[in-house]
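Numbering (the working numbering), first residue to last: 1 to 138.
Since the structure comes first, as structure tokens, the remarks are kept for the end.
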């Protein structure tokens with residue numbers, strides 16, 4: 001039988017930052033230092049309750065910094081052993097929501113860049129800046 005998380009786990013999940021994670025702040029600082037200006041937690045057009053981590057609305061570029069655990073990183077995402085079925089379903093739903101959001105934004109003409117939290121300090125910032133440099137302001 002699939003059990004919901006215990007009260008302790010539920011409290012821990014609720015307390016997780018949804019914005020301003022260390023990886024997001026690191027990415028934003030680097031972009032700001034390089035002269036890029038952006039919006040934080042920008043609403044996804046047409047999708048209430050969903051936000052873009054770092055948005056460049058005039059260029060239609062959306063940047064998401066995905067946590068390795070919560071978004072199922074193939075290199076670092078490890079589902080907990082306890083209550084494994086519930087967690088597999090939960091993390092699969094997170095990935096499906098990510099795909100849905102990406103597809104929606106792309107259908108509106110946005111370029112979407114997804115950076116794993118472990119990539120921010122390596123090539124994540126460079127990937128974002130490459131996309132920004134080719135997306136012109138209308």
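Even for Gly, the Cβ is constructed at its ideal location relative to N, Cα and C.
Classify residue i: buried if its beta carbon has 16 or more other beta carbons within 10 angstroms, exposed otherwise.
| i | result |
| --- | --- |
| residue 72 | buried |
| residue 105 | buried |
| residue 128 | buried |
| residue 1 | Any reading at residue 1 is ruled out, since the residue's pLDDT is 47, under 50, leaving its predicted position unreliable. |
| residue 6 | exposed |
| residue 32 | exposed |
Where does residue i sit, in a helix, a strand or coil, going by DSSP?
| i | result |
| --- | --- |
| residue 130 | helix |
| residue 78 | coil |
| residue 44 | coil |
| residue 124 | helix |
Have a look at the DSSP bridge pairing and note the partners of residue i.
| i | result |
| --- | --- |
| residue 66 | 116 |
| residue 38 | Paired residue(s): none; residue 38 is not in a bridge. |
| residue 52 | 42 |
| residue 61 | 56, 111 |
Which residues in the same chain have their Cβ closer than 6 Å to the Cβ of residue i, if we skip the five residues on either side of it in sequence?
| i | result |
| --- | --- |
| residue 64 | 53, 114 |
| residue 87 | 79, 80 |
| residue 111 | 61, 131, 135 |
Who are the near neighbours of residue i in its chain, counting only those whose CB is closer than 7 Å to its CB and skipping five residues on each side?
| i | result |
| --- | --- |
| residue 23 | 65, 117, 120 |
| residue 51 | 41, 42, 43, 44 |
| residue 101 | 44, 47, 50 |
Which residues mark the beginning and the end of the alpha helix (DSSP H) in which residue i is found?
| i | result |
| --- | --- |
| residue 101 | 84–107 |
| residue 29 | 22–33 |
Apart from the five residues on each side of it in sequence, which residues of its chain come closer than 8 Å, Cβ to Cβ, to residue i?
| i | result |
| --- | --- |
| residue 98 | 64, 66, 71, 114 |
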